[in-house]
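8 is the number of the first residue of the sequence shown in this note's numbering; add one for each residue after it. Here a beta-carbon is modelled for each residue, glycine too, at the ideal position from N, C-alpha and C. Reading through the structure tokens given below for one structure.
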Amino acid sequence: MEYFTYANTFRISTRGFTDIINISPNVIEIVKESGLYNGSALVFCPSSTSGITTIEYESGCIEDLKRYFEAVAPQNFEYLHNLKWGDGNGFSHLRSAITSPSFTFPVLESEAILGDWQQIIFIDFDNSPRQRDIIVQVYGER
Numbered sequence: 008m009e010y011f012t013y014a015n016t017f018r019i020s021t022r023g024f025t026d027i028i029n030i031s032p033n034v035i036e037i038v039k040e041s042g043l044y045n046g047s048a049l050v051f052c053p054s055s056t057s058g059i060t061t062i063e064y065e066s067g068c069i070e071d072l073k074r075y076f077e078a079v080a081p082q083n084f085e086y087l088h089n090l091k092w093g094d095g096n097g098f099s100h101l102r103s104a105i106t107s108p109s110f111t112f113p114v115l116e117s118e119a120i121l122g123d124w125q126q127i128i129f130i131d132f133d134n135s136p137r138q139r140d141i142i143v144q145v146y147g148e149r
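Set out below in structure tokens:
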């Protein structure tokens, strides 16, 4: 076995405002093209107004997650960040901090280890549409 690292990037278009996108197929494709046999895969977005996590990508669960974020960090709250910059996206920074800009999962015998109902999702919390680059870096043995 040879130890190596490999990285690739893909871009997605988002609508903002807690737009939730299933990125599992894109991520799995990069893991497969890497030739990784045993190791880990890191999924990362260089953004302070988005998050990457897992969920069962099902309409009810997606709506529940959106409702959760609205309850925890509502859009119509007076955030000090908004007062400083005037961009109105204070809520998106807090929502991002609650999640994470990255997610890591194991790869064993060339298979991504995710639960039966576990999909990798990207959430864009910002208050306008964006183009987001998602970086997938794998490391381990091939």
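Between phenylalanine 17 and asparagine 33, the C-beta spacing is below 7 Å.
In the DSSP assignment, alanine 104 falls within the alpha helix (DSSP H) that extends over 97-105. For the options Ser66, Gly122 and Asn89, the alpha carbon positioned closest to that of asparagine 134 is the one of Asn89.
In terms of CA proximity to threonine 60, Pro108 leads the group Asp140, Thr21, Pro108 and Ile142. For the set Glu118, Ser31 and Ile27, the Cα lying nearest the Cα of proline 136 is the one of Ile27. By the criterion of a C-beta distance shorter than 7 Å, serine 55 is surrounded in its chain by His100 and Ser103, once the five residues flanking it on both sides are discounted. Secondary structure note for aspartate 26: it is in no alpha helix (DSSP H), and the uninterrupted beta strand (DSSP E) holding it is 26-29.
By the beta-carbon neighbour count (other beta carbons within 10 angstroms, threshold 16), glycine 58 is buried. Annotated three-state conformation of asparagine 33 is helix, per DSSP.
Residue burial annotation: aspartate 131 is buried, with at least 16 other C-beta atoms found within 10 angstroms of its C-beta. Serine 66 carries a helical assignment under DSSP once its states are collapsed to helix, strand and coil.
Classified as buried, isoleucine 37 has 16 or more neighbouring CB atoms from the shown chains inside 10 Å of its CB. Here the alpha carbons of alanine 48 and leucine 72 stand approximately 24 Å from one another.
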